[in-house]
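Asks:
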Amino acid sequence: MKLLEKMEERCIQCNACESVCSKAYFKTDDRTKSRIVINDDASATRDWTINVCNQCGECIAACSEEAIYRNKQGVVMIDAKKCVGCYVCVGFCPTLSMRTHDDELVPFKCVACGLCAKECPTEAIYIESK
Amino acid sequence: MTQHISPERIQEIKAARQVLKTYKYSPAAVDKGYTNKTLYINISDNTIAEKEITEEIKDKFIGGKGFGLWYLWNAVNKDTKWNDPENEIVISPGPIGGITQYPGAGKSLVVSLSPTTDSVVDSNVGGHFGPLLKFSGWDVLELQGKSEEEIIIYINGNEGAISIEKAPLEELNSHILAEELTALYADDEEDKRNISVVSSGAAAEHAMIGLLNFSFYDKRRGGQRLKQAGRGGIGTVFRHKKVKAIVIKYKGVRGDSNHPADLKKIQELGVKLHKEIHDYDDIQTRKRQVGTANLVEIMNDYDLLPVNNFKYGYNPETWRISSDILKTYVTQNVPDGCWYGCSLACAKACDNFELKTGPYKGHKVLVDGAEYETVAGVGSCCGIFDMDYVFECNFYCDTYGLDTISWGTTVAFLMECYENDIINKDITGGLELVFGNRDAAMELLHQVAKGEGFGKYAGLGVKKLKKRFVAEYGADKDFLEAIGMECKGMEYSQYMSKESLAQQGGYALTNKGPQHDEAWVIFTDMVNNLIPTFEDKAEALHYFPMFRTWFGLQGLCKLPWNDIEPADNKQTDEPAKVPEHVQNYVELYNSVTGKNIDKEELIRQSERVYNFQRVFALKLGFGTREFDKPPYRSLGPATKEEYFSRQDRYDQQLKEKMGIDPEGKSVEEKIALHRQYREQQFEELTDAVYKRRGWTKSGVPTIEHLQALGMDYPEVIELVKPYQ
Amino acid sequence: MIQLNNRRETYDEGMTVSSLIKKKRYTHPMLIVRVNGQFIEEEMYAETPINDGDDVKIIHPIAGG
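Residue numbers (our numbering), protein chains in the order written: chain A, 5 to 134; chain B, 1142 to 1865; chain C, 403 to 467.
1. Any Cβ of chain B within less than 8 Å of the Cβ of Ile-461 (chain C)?
2. So for Met-1631 (chain B), helix, strand or coil by DSSP?
3. Just to check my reading of the structure: Lys-1383 (chain B) and Lys-1502 (chain B) have Cβ atoms closer than 8 Å, yes? What is that Cβ distance to the nearest angstrom?
4. Answer yes or no: does any C-beta atom of chain C fall closer than 8 Å to that of Val-1388 (chain B)?
5. For Glu-415 (chain C), which residues from the same chain have a beta carbon less than 6 Å from its beta carbon, with the 5 sequence-adjacent residues on both sides left out?
6. So which residues of chain A does Pro-1476 (chain B) contact, with C-beta pairs closer than 8 Å?
7. Go ahead and pull the three-state DSSP assignment for Ile-1296 (chain B).
8. Compare the C-beta of Thr-1143 (chain B) with all C-beta atoms of chain A and state if any pair is closer than 8 Å.
9. On the DSSP bridge list, what partners appear for Cys-1491 (chain B)?
10. Is it the case that the Cβ atoms of Val-1750 (chain B) and Ile-1232 (chain B) are separated by a distance below 8 Å?
11. Measuring alpha carbon to alpha carbon, tell me which of B:Leu-1273, B:Leu-1282, B:His-1269, B:Phe-1532 ends up nearest Ile-1189 (chain B).
12. So, Ala-1660 (chain B) versus Pro-1686 (chain B), is the Cβ gap smaller than 8 Å?
13. Could you name the residues of the same chain whose beta carbon sits closer than 6 Å to that of Thr-1498 (chain B), not counting the 5 residues immediately before and after it, in chain order?
14. Do you know whose CA, among B:Gly-1267, B:Lys-1222, B:Leu-1313, B:Lys-1165, lies nearest Gly-1298 (chain B)'s CA?
15. Just tell me which of B:Leu-1671, B:Val-1516, B:Gln-1365 has its CA closest to the CA of Met-1440 (chain B).
16. Give me whichever residues DSSP pairs with Arg-103 (chain A) in a beta bridge.
17. I'd like to check one pair, Asn-1449 (chain B) with Ala-1553 (chain B): are the Cβ atoms closer than 8 Å?
18. Go to Gly-1364 (chain B), then tell me how far its beta strand (DSSP E) extends in each direction, as first and last residue.
19. Check whether the Cβ atoms of Tyr-428 (chain C) and Asp-454 (chain C) sit closer than 8 Å, and answer yes or no.
20. Mind checking the segment 1427 to 1447 of chain B against chain A and listing, in chain order, the residues whose C-beta falls within less than 9 Å of any C-beta there?
21. Is it right to say Asp-4 (chain A) is buried, meaning 16 or more other beta carbons lie within 10 angstroms of its own, or is it exposed?
22. Should Gln-1822 (chain B) be flagged as near chain C, meaning a C-beta pair shorter than 8 Å?
23. Where does Met-81 (chain A) sit, in a helix, a strand or coil, going by DSSP?
24. Taking the beta carbon of Arg-409 (chain C) as the centre, do at least 16 other beta carbons fall within 10 Å, making it buried, or is it exposed?
25. Work out the CA separation of Asp-1359 (chain B) and Val-1394 (chain B) for me, nearest whole Å.
26. Could you pull out every residue in the same chain whose Cβ sits closer than 6 Å to the Cβ of Tyr-1212 (chain B), ignoring the five residues on either side in sequence?
27. Between B:Pro-1272, B:Asp-1853, B:Tyr-1726, B:Asp-1704, which lies nearest to Ala-465 (chain C) when the distance is taken from Cα to Cα?
28. Flag this pair as touching only if the segment 1303 to 1313 of chain B and the segment 1152 to 1166 of chain B have three or more C-beta atom pairs under 8 Å; answer yes or no.
29. From the DSSP output, in three-state form, read off His-1559 (chain B) for me.
30. If we cut at 8 Å on Cβ distances, does His-1419 (chain B) have a partner in chain A?
31. Let me confirm a value: Met-1142 (chain B) is counted as buried when at least 16 other C-beta atoms fall within 10 Å, else exposed. Which label applies?
32. I'd like to know whether the C-beta of Thr-36 (chain A) is nearer than 8 Å to at least one C-beta of chain B.
33. Assuming Ile-1431 (chain B) contacts Ser-1464 (chain B) under a Cβ cut-off of 8 Å, what Cβ separation, rounded to an integer in Å, is found between them?
34. Helix, strand or coil: which one does DSSP assign to Tyr-1481 (chain B)?
35. Under DSSP, the alpha helix (DSSP H) around Gln-1848 (chain B) begins and ends at which residues?
36. Between the beta-carbon of Cys-25 (chain A) and the beta-carbon of Leu-119 (chain A), is there less than 8 Å?
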């Protein structure tokens, strides 16, 4: 199974990963459209720094339309053509890593492409195959 | 799996079709939950026409059941009967119906004149038909007339094409018919999800308690699922009109198909509820695991599960039909919603159930359910504690087109009549209809479908059977009136109301009949003791029926309101109302329609339609106090065996509530004292409820109340005037 | 005697919220318990004693079915 792993203590909250991700998939530098989320809220007490899909696959079982599936690399994928935008997967994600945006009817999530890992200056995120 | 229909069979069916009428239209776009169009079809002369829905009608009747009542009101007069061609079957989903983000948003409401109550009836059903109807351009489908030959109506919402076709070869029974028609109209396997079929079955031709099945295609199970518009015999009307099926096809359901005013808000509300269900359903009502059947053992524990025609509320054998046993039948942990996005997923099903009896004996079929009402109705109420039987009976009732609630209550009534020698083997054709005799009960069901033997009468329902037994066999009328569990001609749904005065009203002081979808206040009243006075009970019997009517205006399911609760609901002022979810509904409505209502206006929306329905019943010769009178068994112990089963409780009530010493009194005397007291209590409750609802002592809305609601249409005022 | 939902109920020696729920066969999964007005968390049912004369509310917040 291929997934994006993280070592949160290394993260310096530079947000480079979010920028890369949104540019790659939505052609815009907009962190609200990133599939990885960095918590850089300095005011709040922080119990997490990086939120990203761990490819556990609970959303596959939650989807009535069989629009979510695991590909050959073990990555959980969404078939946008089958999605009816019900967002059950969003509410049922144990790590709250299924993302949504006002502009999009279909949710989106990390597909372990590794583009962000290449940009990460501290190697806080990296692709691993299990 | 289900029977797979061969391509040859499909070709054969197609070849026998004859197109009677075609109609082309430009599908109206959905705007803020409405298309503003009604599709009118008359199958007497094959007229197909469009009607505009005005803002006035939307404001007053909202949608769903409201629209159904309005169109039927205009279609019939005071003398119209259920089997007249003028009677209609009106199907409408409501403005919120069809959104995919919030659980329970795919309901259709069906309105017609009922063969069992002879008055106006409404029934609420899942499946995909309603939302697909709307996305095909129609807020309402209004079906009138009567065909001379068997027909099918087909609506293609993408092409804007409607046809009425002669359909001689299709099977009648729904599990096969829905599969045939889905296969016939789908371009390929992938396309099956875009089709929904409305149909009934063979028994609906020989019974008054026929139902409508609304199908959807279950991709995981590879078969058609059937959800039921069960109450009030609308399937009987459907078959009387010689309609085999109404089929709709619409491809392209998306998250914004309902074109709401504020999609983002709906998505937020949806995700919040999905998360609640994800986090708490396992420790609350376990809908995702067992559907509604968790209630079986709970009702048994609280002495509220109907046993032997509502004589008793408990039986030690109930574990055999409990949710733990049901769990071993249903396929587990799959998202069993009946419309997209329903994460509460109560619509359980059993794959590959092998039938032991009847025309499909040996077939392995998909059974939808079993739901609580079915388990209790055909199971415990008939003294049958056997889950195999429950599933088999559930399957056959659905495919034959019979309402499991009415069928269960009717069979239980027949069993009690049999045990009291009112009917016997000569009358039943050899069937030994004693409580617990599952083989006799199953045989009787098959006889109804064939229209043979005692089956010619068994499906008439309790009210008509009572009349028949008095007229034909000289049965004791008073006894039958006391034990026959119907009110207004509708059979009771499956809760014991004897020890809850408020629920006695919750059942009897209803518009369509004793179906708990208006009010379920047993715990609040009997256990919690939170509504001790008549005024308290009346308030509950105002608020809850109005609140719950609202689901039927919108195309919503009631379950996500209170079968899942937010973590902090316990700390709120009125936990039984689930205030956070009420607010969700206010916001959902506003987000879909772009309007700005609050929770008070929500209740007023319902009040308009509720009072209109009451006056509609009046128009048809019902809708007054005498028709709200319940059978005595719903109020208290009607027989000695019932009294003995709760003797301590009843003796104590004599002392504490009536100030009478039970010592030395015969059981007959004690039953009579209870009856006098309980019937008096019910009358006082009725007075209080009518007053709270803005009705006269005879149960008719006052002119002032109708004016205040803006429902003072001239014809309405004319009708209520003599009762002021 | 105790008061349970404003009705008289027999007091048993050593009574707790748990034992009262069991005795009354209150098997519904969503109960709201207050003893003398004090809200009791579900985890505390077994450890919360009920004393003679207490005013107990065990509310079933359900208007469903």
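Yeah, the Cβ is synthetic: ideal placement off N, Cα and C, and Gly gets one too. All figures in this text were calculated on a predicted structure; none of them were measured in a lab.
Replies: This is what the structure holds:
1. Yes - at least one Cβ of chain B is within 8 Å of the one on Ile-461 (chain C).
2. In the displayed model, Met-1631 (chain B) falls within a strand according to three-state DSSP.
3. Separation of the CB atoms of Lys-1383 (chain B) and Lys-1502 (chain B) is rounded to 29 Å, and the pair is thereby denied contact status at 8 Å.
4. Judged by the 8 Å Cβ criterion, Val-1388 (chain B) is not in contact with chain C.
5. So the list is empty, once near-sequence residues are dropped.
6. Ala-65, Ala-66, Cys-67, Ser-68, Val-92, listed in chain order.
7. Secondary structure of Ile-1296 (chain B) (DSSP, three-state): strand.
8. At Thr-1143 (chain B), the pLDDT of 46 sits below 50, so the modelled position is not reliable and the matter cannot be decided from this model.
9. Partner(s): B:Val-1508.
10. For Val-1750 (chain B) and Ile-1232 (chain B), no; Cβs fall outside 8 Å.
11. Nearest neighbour of Ile-1189 (chain B) by Cα position, chosen from B:Leu-1273, B:Leu-1282, B:His-1269, B:Phe-1532, turns out to be B:Leu-1282.
12. Yes. Within cutoff.
13. Only residues of its own chain outside the window of five on either side were considered, and among them Met-1583 have a CB closer than 6 Å to the CB of Thr-1498 (chain B), listed in chain order.
14. If we check each option's Cα against that of Gly-1298 (chain B), B:Lys-1165 comes out closest.
15. For Met-1440 (chain B), the nearest C-alpha among the options comes from B:Val-1516.
16. Bridge partners of Arg-103 (chain A): A:Phe-112.
17. Asn-1449 (chain B) sits close to Ala-1553 (chain B), with the two beta carbons spaced by under 8 Å.
18. Element bounds for Gly-1364 (chain B): 1364 to 1370.
19. The Cβ-Cβ distance between Tyr-428 (chain C) and Asp-454 (chain C) does not fall below 8 Å.
20. Those residues of the segment 1427 to 1447 of chain B that come within reach of chain A (Cβ to Cβ, closer than 9 Å) do not exist; the list is empty.
21. Because chain A in this structure spans residues 5 to 134, residue 4 (chain A) falls outside the shown range and cannot be described.
22. No - not a single Cβ of chain C is within 8 Å of the one on Gln-1822 (chain B).
23. Note: Met-81 (chain A) maps to strand in three-state DSSP.
24. Around the beta-carbon of Arg-409 (chain C), fewer than 16 other beta-carbon atoms lie within 10 Å, marking it exposed.
25. Their backbone Cα atoms lie some 16 Å apart in a straight line.
26. Excluding residues within five positions, the ones whose Cβ falls inside 6 Å are Val-1231, Glu-1283.
27. Looking at B:Pro-1272, B:Asp-1853, B:Tyr-1726, B:Asp-1704, the one whose alpha-carbon comes closest to that of Ala-465 (chain C) is B:Asp-1704.
28. Taking one beta carbon from each stretch, the segment 1303 to 1313 of chain B and the segment 1152 to 1166 of chain B have 3 or more pairs nearer than 8 Å; the two touch.
29. It should be pointed out that residue 1559 (chain B) corresponds to Tyr in this sequence rather than to His. Here Tyr-1559 (chain B) sits in helix by DSSP.
30. Under the Cβ distance rule, His-1419 (chain B) counts among the residues neighbouring chain A, one pair being separated by less than 8 Å.
31. Only weak support exists for where Met-1142 (chain B) lies, its pLDDT of 41 falling under 50; the coordinates are left without a value.
32. Residue contact check for Thr-36 (chain A) against chain B: no CB pair falls below 8 Å.
33. According to the sequence as given, residue 1431 (chain B) is Val; it is not Ile. The distance from the Cβ of Val-1431 (chain B) to that of Ser-1464 (chain B) is about 4 Å, consistent with a contact at the 8 Å cut-off.
34. It is coil, neither helix nor strand.
35. That run of the alpha helix (DSSP H) goes 1844 to 1850.
36. Cβ distance < 8 Å, so Cys-25 (chain A) and Leu-119 (chain A) count as in contact.
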